[in-house]
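Number 353 marks the last residue of the sequence shown (the numbering used here); no jumps. Inspection log for the structure reproduced underneath, given as structure tokens.
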Amino acid sequence: MGEHRVRARKAHPMSMPEMIVVALAVVAGLVALTFGTLVDTSPAATSANDPHEVGTSPAAEASTEEGDAAEEPVAAEKEPARADGEVGTARYDQAQVEKLVEKVETEVKRSRSATSSFRIATLNILGSNHAGGGLSRAAREVGLLKSRGIQLVGLQEVQRDQRGVFISGLSNMQMWPQDALGRDGYRVQIMWRTDRFELVDSGGRSHTFNGIPSVPIPYVLLRDKNTGSQFWVIVSHHSPNGLQAQRDVSTRIQVDLVNELKATGHPVLLMGDFNEKATFFCEVARDAGMTAANGGGYSGGCTVPGGPLRIDWILGTAADVRFSGYHQDGTTKSTGMSDHYLIYADATITDRGTRTARRRD
């Protein structure tokens, strides 16, 4: 997969949010300058009554008149008296100005979009509860993922014995949720290269799978260490065969989740074994604004990707995800590793997100 190097950020024309932030910075600077050079037009005779001006305070005068011999406390150094119209220095808090500058710099950074490209995949590994040789098949699947240069993968039908094979075989990757989402959450897992991505947030949504209620749908928010871009990843497995009603409910849950995560401004990737073809795709394309790694979308009507269609999908929010190099890799089927294709593609995401709220489901 080669060594990943930190890429220098190219200069881009300023976006509208950046222009607004810069304008605010200019205004803030002008305000600071205005308060930094004030013109005193008040009569000099009134300066003695100004507690900010150097001179004898009323309290000090009273003490002198009464013959108080007590030593006055040393006053802080103050500006000398100025004649009418003389320019003086304002007394403003430098720390406040520095805080304002820091805030403006932060807003400029947040307003600039970040782009990342990487290879993603989805694979139903064929659980060891469905077919024999689960451990040896998992080991060969690990080798296939390595050879295809996969940096982020969603796995379905993962059994606990097979899970260990993926964790040890892909030691440069992190797996989530493992058992973090409860006893029914181990079947669907997300893995990513730790030298490229770091976990920012995570969660799960429940749906009914194959008659089992409250099976988690895991999702994570990842950050690209090279570019700083952040994006959501959802992986799911929908009910098989004639359980259309369960699939329909699961699809609505997916649509709602995508839209909720999309509201943070970060791109969303959705992948897995959905046990459905055009019906599933058209619904998420129409109601969640998604496109598939093999094409298609919704604009006044559904455009289904070119065939052959599979029940395994990789999708992304159309506004900020682009795909290339889509593959339906039949090696898994021809060698008996799985009864599903390995689906992979190169994704390019553009993160315009401005906030990351901690999510609790």
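We put the beta carbon where it would ideally sit given N, CA and C, even for glycine. Note that the structure is a prediction, hence the values are computed from the model and not measured.
Q) Count the other CB atoms within 10 Å of the CB of Q238; is the residue buried (16 or more) or exposed (fewer)? A) That one is buried.
Q: Figure out for me which residue from I306, I226, N267 and Q222 has the closest Cα to the Cα of D357.
A: With the chain represented from -7 up to 353, any question about residue 357 goes unanswered, as that position is not in the structure.
Q. In its own chain, which residues sit with a C-beta less than 6 Å from the C-beta of L301, not counting the 5 before and 5 after it?
A. K269
Q. Under 7 Å, do G146 and M282 count as touching if we go by C-beta distance?
A. no
Q) Which residues bound the beta strand (DSSP E) around L261? A) Unbroken beta strand (DSSP E) run through L261: V260 to D265.
Q) Under the three-state reduction of DSSP, which class applies to D304: helix, strand or coil? A) strand
Q) According to DSSP, is E190 helix, strand or coil? A) strand
Q: Report the partner residues of R210 according to the DSSP bridge assignment.
A: The question names Arg, but residue 210 is Pro in the sequence shown. In DSSP, P210 forms a bridge with G196.
Q: Take S242 and list the residues in its own chain whose beta-carbon comes closer than 6 Å to its own, dropping the five residues that flank it on each side.
A: H199 and H230
Q. Does DSSP put A175 in a helix, in a strand, or in coil?
A. Residue identity differs from the one stated: residue 175 is Arg in this sequence, not Ala. Coil at R175, not helix or strand.
Q: Spell out the partners DSSP gives A337 in its beta bridges.
A: I112
**Q.** Inter-residue spacing [alpha-carbon to alpha-carbon] between T217 and Q148
**A.** The sequence shown places Lys at residue 217, not Thr. Rounded to whole angstroms, K217 to Q148 spans 26 Å at the Cα level.
Q) Per DSSP, what kind of secondary structure is A284 in: helix, strand or coil? A) Correct three-state label for A284: strand.
Q | Where the alpha helix (DSSP H) containing G156 begins and where it ends | A | R152 to G161
Q) Exposed or buried, what is E275 when buried is set at 16 or more other beta-carbons lying within 10 Å of its beta-carbon? A) buried
Q: Please list, in chain order, all residues of the same chain as Y336 whose beta carbon is under 7 Å from its beta carbon, the five residues on each side excluded.
A: R111, I112, A113, R140, I142, H319 and D321
Q) What's the call for A255, buried or exposed, on a 16-neighbour Cβ count within 10 Å? A) So A255 ends up on the exposed side.
Q | R197 versus L173, I341 and V89, residue with shortest Cα-Cα distance | A | The option with the nearest alpha carbon to R197 is L173.
Q: From the DSSP output, read off the bridge partner residues of I226.
A: Y211 and L262
**Q.** Three-state secondary structure assigned by DSSP to L92
**A.** helix
**Q.** Range of the contiguous beta strand (DSSP E) that encloses I182
**A.** Q181 to R185
Q. Helix or strand or just coil, what does DSSP make of R314?
A. strand
Q: Using 10 angstroms around the beta-carbon of T186, count the other beta-carbons present and answer buried if the total reaches 16, otherwise exposed.
A: exposed
Q. Taking the alpha-carbon positions, what's the E58 to A87 distance?
A. Note that E58 scores 43 on pLDDT, short of 50, meaning its location in the model is unreliable and no value can be drawn from it.
Q | Alpha-carbon to alpha-carbon, G125 and A311 | A | 42 Å
**Q.** Rounded separation between R278 and V89 - CA only
**A.** 48 Å
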